[in-house]
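Working notes, beginning with the structure itself.
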Amino acid sequence: MKSNKLLAIWSGIVLFFLLFPFAVIVYASFTNSALVTIPLEDPGINSYLEILQSGRYVKSLMLSLKVAFFATLFGVTIGTFSSFVIVRKGHVKIVSLINNLLLAPMMVPAVIIGIAIMISISKLGINMSQTLLIMVHTVIVLPYVVRTVCATLSNFDVSIEEASIVMGAKPWHTLLEISIPNIRSGIITSALLAFISSFGEVIITAFILPIGMTTLPVEIMNTLLYNFSPSIAAIAVLVSFGVFTVLYILFRLFPKAFVEAQ
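All residue numbers for the sequence shown refer to our numbering, where the first residue is 2 and numbers rise by one.
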C-alpha cells in the first residue's frame, strides 16, 4: 500500500514537470506583449491571429510538413527493406558495414553533418533545393527507422515466412502479405519517430536551406534570436495540438499496432 502511494507521488511529480512547461507556453500565447506577466496585463488571441495573417509562418509550416512527409515516406521504405537485410544477413561483414553507415547520422553531431554537407554540395556545384533538403532529411531519419524495425524484426518468428514459401508463395508475396503486416507496429512507430525528427530538425536544415525558403523550426529560431514574440508560443501550442490530434487519429485507426508497440 505504501509503495503504491510512493509510486503515485513520483508519477505526479514526473507528470507535473512534463506538463508545466507546456502550461507556461499556453499561458504565454495569450499575451499581447513581449513581456509575460502574472496576471496577464492585456490578454487576447492576437498572437494566434498574427500566425494566420502572417504568410511566412504558414509558408514555413507547409514546407516543414512537405519535407517531413516525403522524408518519412522514403526513410521508412528504405529503412524497412534495409532492416530485413540487416536482421537476416547480419553475419555478413558488408551488411554490418551498411548497418553502421545507416546509423551514422545518429552518432555524428548535427553541426558536423551540416558543415560536411554544405562543403560537399559547394565543391560539387550542387544547387540547394527542396529535393536536396528531402534527401538529407531522409538520411537523418534512417537511423530511427532502422533501429525500430530491426528491433521488431528480431522478435518476429521466421518460421511463418518459411511456411509461406513452402506452401508455394513467392518471396515478394510473403514479404508483402506476411512479413510487413506482422511488423506493422514497428513500421508505424518508426514512421512517427521519423516524421517528428524531420519536422523538428533545425541545425542541419539551417546549413542547406534554399534561398527564400525556411522551415518552421528555423523560422522560430530566427525570430527568437532577436526578441520574444507571443506568436512563437502560439505556434508551439498549435503544433502540439496538431501532433496530439494526429496521434489520437492513428490510435483510433490502428489500436492494435499501438498496443503491440508497447
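Backbone N, C-alpha and C fix where the C-beta goes; we use that ideal spot for every residue, glycine too.
Excluding its 5 nearest sequence neighbours in each direction, glutamine 131 has C-beta neighbours in its own chain below 8 Å: Leu64, Lys67, Val68, Pro211 and Met214, listed in chain order. Taking 8 Å as the cut-off, the Cβ atoms of threonine 81 and isoleucine 166 do not count as close.
For proline 218, the CB contacts under 6 Å within the same chain, skipping 5 residues up- and downstream, are Gly201 and Val203 in chain order.
Unbroken beta strand (DSSP E) runs of no fewer than 3 residues, entirely contained in the region 128 to 172, are not found. The residues Thr139, Val142, Leu143, Val146 and Ala195, in chain order, have a CB closer than 6 Å to that of glycine 76 in the same chain once the five nearest residues on each side in sequence are set aside.
Annotation: proline 172 to leucine 98 spans about 25 Å, alpha carbon to alpha carbon.
Of all alpha-carbon atoms in Ile161, Ile233, Ile250 and Val244, the one lying nearest the alpha-carbon of arginine 57 is that of Ile233. Excluding five sequence positions before and after proline 106, the CB atoms of its chain that fall closer than 8 Å to its own CB belong to Ile114, Val140, Ile141, Leu143 and Pro144, given in chain order. Inclusion of leucine 154 and isoleucine 184 in the CB contact set at 8 Å is warranted, their separation being smaller than that value.
By the neighbour-count criterion, in which a residue is buried when 16 or more other Cβ atoms sit within 10 angstroms of its Cβ, glutamate 178 is exposed.
Collapsing the DSSP output to three states places phenylalanine 82 in a helix. With a 10 Å radius around the Cβ and a threshold of 16 neighbouring Cβ atoms, glutamate 163 comes out exposed. Taking C-alpha positions only, proline 231 is separated from leucine 176 by approximately 50 Å.
For valine 203, there is no enclosing alpha helix (DSSP H), as DSSP marks it with neither H nor E. With 16 or more neighbouring CB atoms inside 10 Å of its own CB, valine 238 falls in the buried class. Per DSSP, glycine 243 is one residue of the alpha helix (DSSP H) stretching across 231 to 254. Classified as buried, phenylalanine 31 has 16 or more neighbouring CB atoms from the shown chains inside 10 Å of its CB. Counting every other CB atom within 10 Å of its CB across the protein chains shown gives threonine 73 a total of 16 or more, marking it as buried. Sixteen is the threshold: when 16 or more other Cβ atoms of the shown chains lie within 10 Å of the Cβ of threonine 206, as they do, the residue is buried. Counted as a single uninterrupted DSSP element, the stretch harbouring lysine 90 is not any alpha helix (DSSP H), since DSSP gives it neither H nor E.
Cβ atoms of leucine 104 and isoleucine 122 stay farther apart than 8 Å, at about 23 Å. By the Cβ-count criterion, arginine 89 is exposed, with fewer than 16 other Cβ atoms from all chains shown falling within 10 Å of its own Cβ. One thing to note: valine 137 has its Cβ no nearer than 8 Å to the Cβ of isoleucine 116.
For methionine 222, the enclosing alpha helix (DSSP H) stretches over residues 217 to 227. A residue is called buried once 16 or more other Cβ atoms fall within 10 Å of its Cβ, and threonine 216 is buried on that count.
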